[in-house]
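Visitor: First, the structure itself, so that you have it in front of you.
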Amino acid sequence: MRIRQMTAEDILAVAQIEKECFSQPWSEQGFLDGMKDAIFFVAEDPQIAGYIGMYRMPPEGEITNVAVTRKMRKKGCGRELLLRMQQWADEHGIDRIILEVRSGNEPAIHLYRTCGFEKIGVRKNFYQFPREDADIMEWKRLC
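Per our numbering: the sequence shown = residues 64 to 206.
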């Protein structure tokens with residue numbers, strides 16, 4: 064599996080994964096617009112199997128999306144994407160990353176915890192379709 068920075072040529076494949084994974088997916092235009100203010104990485108094996116995005120607001124970042132195709136789940140793809148984003152954050156002066164995750168998404172919460180994220184709060188009724196709370200999680204760079 065190879066992790067690399069996303070390009071505009073990847074948007075169709077990434078948008079398809081987004082539709083597979085989320086009830087309110089970003090559009091292709093949303094990804095194109097997002098590339099102006101965010102950093103995205105994709106995992107190839109050999110096709111795009113997953114992606115991660117983060118808005119950059121040094122010294123902080125906010126994970127926007129993490130998604131992996133059903134076929135590639137539980138194979139380390141999500142973990143590799145998160146670790147690559149944390150490495151990028153270290154290299155670019157980002158000391159803290161936050162994200163929201165559905166409170167009932169135990170596999171994702173477990174993944175985030177194994178990558179050093181800790182729960183710091185809850186956003187009530189944050190998600191729709193279905194309505195659900197979001198856990199707010201945080202990662203801090205080691206000094």
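All C-beta atoms in this analysis are idealised placements derived from N, C-alpha and C, irrespective of residue type, glycine included. Note that this is a predicted model, so its numbers are computed, not measured.
Examine chain D for any beta-carbon lying closer than 7 Å to the beta-carbon of Gly179, and answer yes or no.
Guide: No chain D is part of this structure, which consists of one protein chain only.
Visitor: Where does the unbroken alpha helix (DSSP H) through Ile74 begin, and where does it stop?
Guide: Position 11 of the sequence shown, counted from the start, is the residue given in the question as residue 74. Looking at the DSSP string, the run of the alpha helix (DSSP H) that includes Ile74 is Ile74 to Cys84.
Visitor: Taking only the alpha-carbon atoms, compute the straight-line gap between Thr127 and Glu195 and give it to the nearest angstrom.
Guide: Position 64 of the sequence shown holds residue 127. Position 132 of the sequence shown holds residue 195. If I take the Cα positions, the gap works out to 17 Å.
Visitor: Reducing DSSP to helix, strand and coil, say where Gln87 ends up.
Guide: In the sequence shown, residue 87 corresponds to position 24, counting from 1. DSSP places Gln87 in coil when its eight states are reduced to three.
Visitor: So, does the stretch 158 to 165 touch the stretch 77 to 85, judging by three or more C-beta pairs under 8 Å?
Guide: no
Visitor: How about Glu201 and Ile183: are their beta carbons less than 7 Å apart?
Guide: Counting from one through the sequence shown, the residue named residue 201 turns up at place 138. Counting from one through the sequence shown, the residue named residue 183 turns up at place 120. Yes, these two residues count as a Cβ contact at 7 Å.
Visitor: With H, G and I counted as helix, E and B as strand and the rest as coil, what does DSSP make of Asp153?
Guide: Taking the sequence shown and counting its residues from 1, the one referred to as residue 153 is at position 90. Judged by DSSP in its simplified three-state form, Asp153 adopts helix.
Visitor: Once the 5 residues before and after Pro122 are set aside, which same chain residues still bring their CB inside 8 Å of it?
Guide: Indexing the sequence shown from 1 puts residue 122 at position 59. Closer than 8 Å at Cβ, skipping near neighbours: Gly156, Ile157, Asp158 and Arg159.
Visitor: At the level of alpha carbons, what is the spacing between Thr177 and Glu125?
Guide: Taking the first residue of the sequence shown as position 1, residue 177 is located at position 114. Taking the first residue of the sequence shown as position 1, residue 125 is located at position 62. Cα to Cα, the separation comes out at about 18 Å.
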